[in-house]
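Asks:
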Amino acid sequence: MIDPRDKPLSRQGGLYAALWRLHFFAGLIVAPVLLLMAATGGLYLFKAEIDGLLYGRLTRAPAPEVRLPPSAWVAAAEAATGGEARRLTLPAEGQAAAVLVRLPDGGERLLHLAPADARLIGESPPGGALGWIKRLHSLETFGPWANLLAEIAAGWAILLVVTGAVLWWPRPGQPAIALRGSPARRPFWRDLHALIGVFAGAVILFLAVTGMPWSAVWGQQVRAITNQAGWGRPEAPPAAGGWRPAPAAEAETHAHGAMPWALQGEALAARTSATTEFADAVDAVAAATSQRMAPPFDLTLSRDPELAWTASRAGGGRVEDMRTLYLSADGGVLADIGYGAFGPAAQAIEWGVAVHQGAQYGWLNKLVMLAGCLSIWGLAISGLIMWWKRRPARRLGAPPRPPSLRAYATAGLVVLPIALLYPLVGATLAGALMIDALVQRLPRNTHRAQGAQA
229 MIDPRDKPLS
239 RQGGLYAALW
249 RLHFFAGLIV
259 APVLLLMAAT
269 GGLYLFKAEI
279 DGLLYGRLTR
289 APAPEVRLPP
299 SAWVAAAEAA
309 TGGEARRLTL
319 PAEGQAAAVL
329 VRLPDGGERL
339 LHLAPADARL
349 IGESPPGGAL
359 GWIKRLHSLE
369 TFGPWANLLA
379 EIAAGWAILL
389 VVTGAVLWWP
399 RPGQPAIALR
409 GSPARRPFWR
419 DLHALIGVFA
429 GAVILFLAVT
439 GMPWSAVWGQ
449 QVRAITNQAG
459 WGRPEAPPAA
469 GGWRPAPAAE
479 AETHAHGAMP
489 WALQGEALAA
499 RTSATTEFAD
509 AVDAVAAATS
519 QRMAPPFDLT
529 LSRDPELAWT
539 ASRAGGGRVE
549 DMRTLYLSAD
559 GGVLADIGYG
569 AFGPAAQAIE
579 WGVAVHQGAQ
589 YGWLNKLVML
599 AGCLSIWGLA
609 ISGLIMWWKR
619 RPARRLGAPP
629 RPPSLRAYAT
639 AGLVVLPIAL
649 LYPLVGATLA
659 GALMIDALVQ
669 RLPRNTHRAQ
679 GAQA
């Protein structure tokens, strides 16, 4: 970014000073979270490749001439663990079947079995080798409250990009892009910081915006609003009994399986009074799905006779290939939902999620998203060096406050659209501006005392 201290004072407007101060403190506050999310997100882009290297032998099995019915694989997995099967992955030719089992103690195990005889080949982590990386990326590791922090950090990343673009915007007679001086001097790092931001800002902005659908507040509210407006998932078909919230266990299985974002946490009422034995239902639903959808696909195992079974193919692929079937326990197809069936908002979000995960456009997609993750680290490091080279002794070295409180109001108008779109960001931004404005009203000698203590 461009440093107002390197400009004549006559060209430093109050708005510019307020945005510079906001940019500085935003980076200072959320940088640790953004760095964690960038590192874990960059690794997770290559989940399929890493899982293939570590667990490839578990996912392969000879293609038999005759194989056991899917219910036999489920029964074998439950017998081996003493738990309850929640999800079955029906394999393609040459692949092993996989059963996700919930244990009595609440843990989960993913078992890989040979389709021919239900022999246990081995186990792998339910989320793959990088399941813990995914939990770190969403801050789920630190508890439910931490997802709010992830949403705030992503929103403030948007603020950083917007305020950084305003601060960088070339003035008459100044080059838009330059790299002046040597690494020993601060202008070099200021120019490098701006250079990275110019070329990577759009990617970072895209990552922050498309990561929001997973957030606890904004993501759930947007899903509900778009569904109510008819812009999300399609209406329930007449053959079914309508949409309803999925049971907690099933909703969790959706989140970790191949279920599209727009359908996660949703269940379709089966509208049937017929009772079918669980094993028979597994085989009937698997057979009906295989006639419409080529494996591999995930089958969510329903234990509620009033709810439809789901078969889905979405995770790790292009949006055009995603597809979800809802079936009754006897194998009757209640709904067949592909990408084209979603409303415009859900289509845009699903596309953004696929690109965010590097799944939509092959290796080029992965490399561009990886560049965005690396750029976040480059911006943080160059910003830290900039600060280090300009910091006063024994003080924080924050940018000076604007000359009047009116500048804060003007700065608030600049970022108002972001604050309105993302309420948690708006709330934390308002709090930060109010605190800074109140501190500015303190007597000047108090300011100096505080600076000396810093």
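Position in the sequence shown counted from 1, then plus 228, gives you this note's numbering. We put the beta carbon where it would ideally sit given N, CA and C, even for glycine.
1) How many angstroms separate the CA atom of Tyr441 from the CA atom of Gly255?
2) Given a cut-off of 8 angstroms on the beta-carbon distance, is the pair Phe358 and Leu348 in contact?
3) Please name the residue or residues paired with Leu595 in a DSSP beta bridge.
4) Using three-state DSSP, classify Glu494 as helix, strand or coil.
5) State buried or exposed for Glu379, treating a residue as buried only when at least 16 other CB atoms are found within 10 Å of its CB.
6) DSSP has Pro473 in a bridge; who is on the other side?
7) If distances are taken between C-alpha atoms only, which option among Ser610, Ser603, Ala495 and Gln588 comes closest to Leu553?
8) Can you name, in chain order, every residue of its own chain whose Cβ lies under 8 angstroms from the Cβ of Gln588, other than the five neighbours on each side?
9) Going by the beta-carbon positions, is the gap between Trp446 and Ala574 smaller than 8 angstroms?
10) DSSP puts His340 in a beta bridge; with which residues?
11) In angstroms with no decimal places, state the Cα-to-Cα distance between Asp419 and Leu407.
12) Count Cβ pairs between the segment 630–638 and the segment 240–253 that sit closer than 8 angstroms; are there 3 or more?
13) Secondary structure at Tyr554, three-state DSSP: helix, strand or coil?
14) Please name the residue in Glu534, Ser299, Ala325 and Gly470 whose C-alpha comes closest to that of Gly284.
15) Look at Met614 and Trp417 and say whether their C-beta atoms are less than 8 angstroms apart.
16) With which residues is Glu312 paired in a DSSP beta bridge?
17) Can you name, in chain order, every residue of its own chain whose Cβ lies under 6 angstroms from the Cβ of Ala512, other than the five neighbours on each side?
18) Indicate the three-state DSSP secondary structure (helix, strand or coil) for Val445 in the structure shown.
19) Taking DSSP's pairing of strands, which residues face Ser540 in a bridge?
20) Could you check which residue in Gly590, Arg295, Leu282 and Leu388 has the C-alpha nearest to that of Ile604?
21) Rounded to the nearest angstrom, what separates Tyr687 and Ile361 at their Cα positions?
22) Determine the DSSP secondary structure at Gly335, reduced to helix, strand or coil.
23) Could you check where the alpha helix (DSSP H) with Ile405 kicks off and where it finishes?
24) Roughly how many angstroms separate the alpha carbons of Tyr464 and Trp471, rounded to a whole number?
25) Using DSSP's beta-bridge definition, name the partner residues of Ile565.
26) Quick one: what's got a C-beta closer than 6 angstroms to Asp234's C-beta in the same chain, skipping five residues either side?
27) So the alpha helix (DSSP H) Arg413 belongs to, where does it begin and stop?
28) Taking only the alpha-carbon atoms, compute the straight-line gap between Pro451 and Val437 and give it to the nearest angstrom.
29) Which residues in the same chain have their Cβ closer than 8 angstroms to the Cβ of Pro473, if we skip the five residues on either side of it in sequence?
30) Whether or not the segment 285–300 and the segment 505–522 are in contact is what I'm after, with contact meaning three or more pairs of Cβ atoms, one per stretch, closer than 8 angstroms; do they touch?
31) Just to check my reading of the structure: Ile424 and Leu607 have Cβ atoms closer than 8 angstroms, yes? What is that Cβ distance to the nearest angstrom?
32) Between which two residues does the alpha helix (DSSP H) containing Arg295 stretch?
33) Do Ala381 and Val261 count as a contact pair if the criterion is CB distance below 8 angstroms?
34) Excluding five sequence neighbours on each side, which residues of the same chain lie with their C-beta closer than 7 angstroms to the C-beta of Arg295?
35) What does the alpha-carbon distance come out to for the pair Ala267 and Glu351?
Replies: A quick look at the data gives this:
1) Per the sequence shown, the amino acid found at residue 441 is Pro instead of Tyr. Their backbone Cα atoms lie some 23 angstroms apart in a straight line.
2) Checking the sequence shown, residue 358 turns out to be Leu, not Phe. In this structure, Leu348 does not lie closer than 8 angstroms to Leu358 by Cβ.
3) Leu595 pairs with nothing; no bridge assigned.
4) Strand, per DSSP.
5) Taking every protein chain shown into account, the CB of Glu379 has 16 or more other CB atoms within 10 angstroms, so this residue is buried.
6) Note: Pro473 sits in a beta bridge opposite Glu494.
7) Looking only at Ser610, Ser603, Ala495 and Gln588, the smallest Cα-Cα distance to Leu553 is reached by Ala495.
8) The answer, listed in chain order, is Arg546, Val547, Trp579 and Ala582.
9) Using a Cβ distance threshold of 8 angstroms, Trp446 and Ala574 do not count as a contacting pair.
10) According to DSSP, which records beta bridges pairwise, His340 is partnered with Ala326 and Gly350.
11) Distance between the alpha carbons of Asp419 and Leu407: 5 angstroms.
12) Touching, yes.
13) Of the three classes helix, strand and coil, the one that applies to Tyr554 here is strand, per DSSP.
14) Looking at the Cα atoms, Ala325 is the closest of the given residues.
15) Cβ distance < 8 angstroms, so Met614 and Trp417 count as in contact.
16) Secondary-structure assignment with DSSP links Glu312 through a beta bridge to Arg330.
17) For Ala512, where only same-chain residues beyond five positions count, the Cβ hits under 6 angstroms are Asp558 and Gly559.
18) Coil, per DSSP.
19) Per DSSP, Asp526 and Thr552.
20) Check the Cα spacing between Ile604 and each of Gly590, Arg295, Leu282 and Leu388: the tightest is with Leu388.
21) Because the chain spans 229 through 682 in this model, residue 687 falls outside it and cannot be assessed.
22) DSSP places Gly335 in coil when its eight states are reduced to three.
23) Taken as a continuous stretch (DSSP letters only), Ile405 belongs to no alpha helix (DSSP H), as it is neither H nor E.
24) The sequence given here places Ala at residue 464; Tyr does not occur at that position. When rounded, the separation of the alpha-carbon atoms in Ala464 and Trp471 is 6 angstroms.
25) Answer by DSSP bridge pairing, in chain order: Thr552.
26) Confidence is the limiting factor: at Asp234 the pLDDT is only 47, short of 50, which leaves the residue's position unreliable and the question unanswerable from this model.
27) Counting along the chain, no alpha helix (DSSP H) covers Arg413, and no H or E run does either.
28) The question names Pro, yet the displayed sequence has Arg at residue 451. Roughly 15 angstroms between the two C-alpha positions.
29) In its chain, beyond the 5 residues on either side, Ala479, Gly493, Glu494 and Ala495 have a beta carbon closer than 8 angstroms to the beta carbon of Pro473.
30) Result yes; three or more Cβ-Cβ pairs closer than 8 angstroms.
31) 5 angstroms between Cβ atoms; contact.
32) Run containing Arg295: none; DSSP gives neither H nor E here.
33) Contact flag set, yes.
34) Sequence-distant partners of Arg295 (beyond 5 residues in either direction) whose C-beta falls short of 7 angstroms from its own C-beta, in its chain, are Pro343 and Ala344.
35) Each residue's alpha carbon lies about 27 angstroms from the other.
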